[in-house]
Amino acid sequence: MRKGVPDGLRRIITIAGCKGGVGKSVIACAIAMEVGRSGENVILVDADLGGPNLHTYLGVQSPAYVMSDFLSRRTKRIDEIVVPTEYPGVRFISSAGNVPGQANPKFAQKAKIINSIYSLNADCIILDIGAGSSYDVMDFFSMTDAGILVTTAEPASIINSYGFVKNVLYRRFCLEFRAYPVVMDLLKRGMNPDGDAGISAINEIMGELASLSPQCWLKAKSVLSSFRPNIIVNMTTSESEARLGQKLKTIIGKYLSVDATCLGHVFEDPAVRASAKKLVPFMVAEPDCKAAACVRKIVERLLYPAQDVPESEPLTAEVVQD
Ligand SMILES: Nc1ncnc2c1ncn2[C@@H]1O[C@H](COP(=O)(O)OP(=O)(O)O)[C@@H](O)[C@H]1O
Ligand SMILES: [Mg+2]
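Printed below as a string of structure tokens:
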């Protein structure tokens, strides 16, 4: 943990996704409910400044202060914008009513949010950071203890999720090697998302790097081993879809040499939408629904400690409805 971080703060979790509508906010809210219920003191933060909607899932309407008050210095300290919720152990920072212009926060604002979040007093902070591969999303994702990528089983969503992990890795490499033009050139040729990729797998880049500079090769190795993204496949409708997270993990390992963790999947479940309409988290309104059972498994893996779904784990009949 960083200097100045309260002893109690054990983990910061970010929830990202390659596009809107994949269930980032629903899952952020559900994980917060379950972690709070397990006895931890949680702060759920709506950091999706472009499309904040966590407040609707929590049923919290207009708090006196929201994120924009902190960013515009109307409030000085981030703890002044934390509001209680009616759910055990869970407090909330809302971005409701976010003013235009803050959808793309400047670097300084982003740094302000990240730094001040570390000063919050909680066991666990969960950030809903929104969609896409903008720098702020990628930085939030990779600067915290656990970055969770939510995808659906649709091929486009899986492909974009792979692209997200690749982009975050590319950014981490660029930050590490910006003072090394020769390495930057190699990275650009090999993985620049905008360029025509000359090299397809990271281990090819690592091979070239090893002969170019053993010192940089070592640095790159440590960038690779410190990046441990987590995957959740949401709105699954069959056993084969439920297993897609494992497949994505395998592809990420093969082509990007990144060891991702598959935390599991959440079934498409009408109880989720029905609860959202009532403005009550489904973990509370429908604790026995199949989506809630999936989230409880995910939280178990996340807390004690993050572990992959075993390849051979049977998806039980009462949970899987093909
Ligand atoms: N597992 C699920 N089963 C059914 N509906 C879901 C599920 N997850 C999310 N949804 C619904 O999908 C929609 C988008 O979810 P949301 O969390 O707002 O997406 P995002 O934050 O990624 O934009 C909402 O209507 C939500 O109720
Ligand atoms: Mg959202």
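Using the numbering used here, the first residue of the sequence shown is number 63, and each one after it goes up by one.
A virtual CB, placed ideally from N, CA and C, is assigned to each residue, including glycine.
No experiment lies behind these values; they were computed from the predicted model shown.
In the structure shown, G225 adopts helical secondary structure according to DSSP, grouped into three states.
If you check the CB distance, C351 and G326 do not come in under 8 angstroms. Between V212 and I89, the gap from beta carbon to beta carbon is short of 8 angstroms. Set against 7 angstroms, the gap from the CB of D185 to the closest heavy atom of ligand 2 is not smaller. Fully enclosed alpha helix (DSSP H) runs of no fewer than 4 residues occupy 169-179, 197-205 and 217-239 of the stretch 166-251, in order along the chain. Distance from the CA of L231 to the CA of L286, rounded to the nearest whole angstrom, comes to 8 angstroms. The way I'd put it, the stretch 241-256 doesn't touch the stretch 102-121; fewer than three beta-carbon pairs between them come closer than 8 angstroms. In the DSSP secondary-structure assignment, T76 is bridged to L189 and G209. In the assembly as shown, P332 is an exposed residue. Its beta-carbon has fewer than 16 other beta-carbons within 10 Å. Residues whose Cβ lies closer than 7 angstroms to any heavy atom of ligand 2, listed in chain order: G82, K86, S87, D110, G113, N115, L116, D190 and G192.
In the structure shown, G315 falls within a helical segment according to DSSP collapsed to helix, strand and coil. From the listed residues Q308, F289 and G151, the smallest Cα separation to M95 is found for G151. Per the C-alpha coordinates, the member of S219, S156 and Q171 positioned closest to I188 is S156.
DSSP lists I294 as the bridge partner or partners of G326.
Annotation: the continuous beta strand (DSSP E) that includes F154 extends over V152 to I155. Excluding five sequence positions before and after R153, the CB atoms of its chain that fall closer than 6 angstroms to its own CB belong to I105, V144 and P146, given in chain order. One alpha carbon belongs to N177, the other to S337, and they sit about 34 angstroms apart. Straight-line measurement puts the Cα of I221 at about 32 angstroms from the Cα of G159. Here A218 is exposed. Its C-beta has fewer than 16 other C-beta atoms within 10 Å. Look at L341 here: in three-state DSSP terms it is coil, with no helix or strand label.
If you check the C-beta of A338 against ligand 1, you find a heavy atom less than 7 angstroms away.
Looking only at I140, R251, N292 and L182, the smallest Cα-Cα distance to C324 is reached by N292.
For the options M297, Y224 and I360, the alpha carbon positioned closest to that of G315 is the one of Y224. Look at the beta carbons and you see the stretch 116-133 touching the stretch 77-91: at least three pairs across the two are nearer than 8 angstroms.
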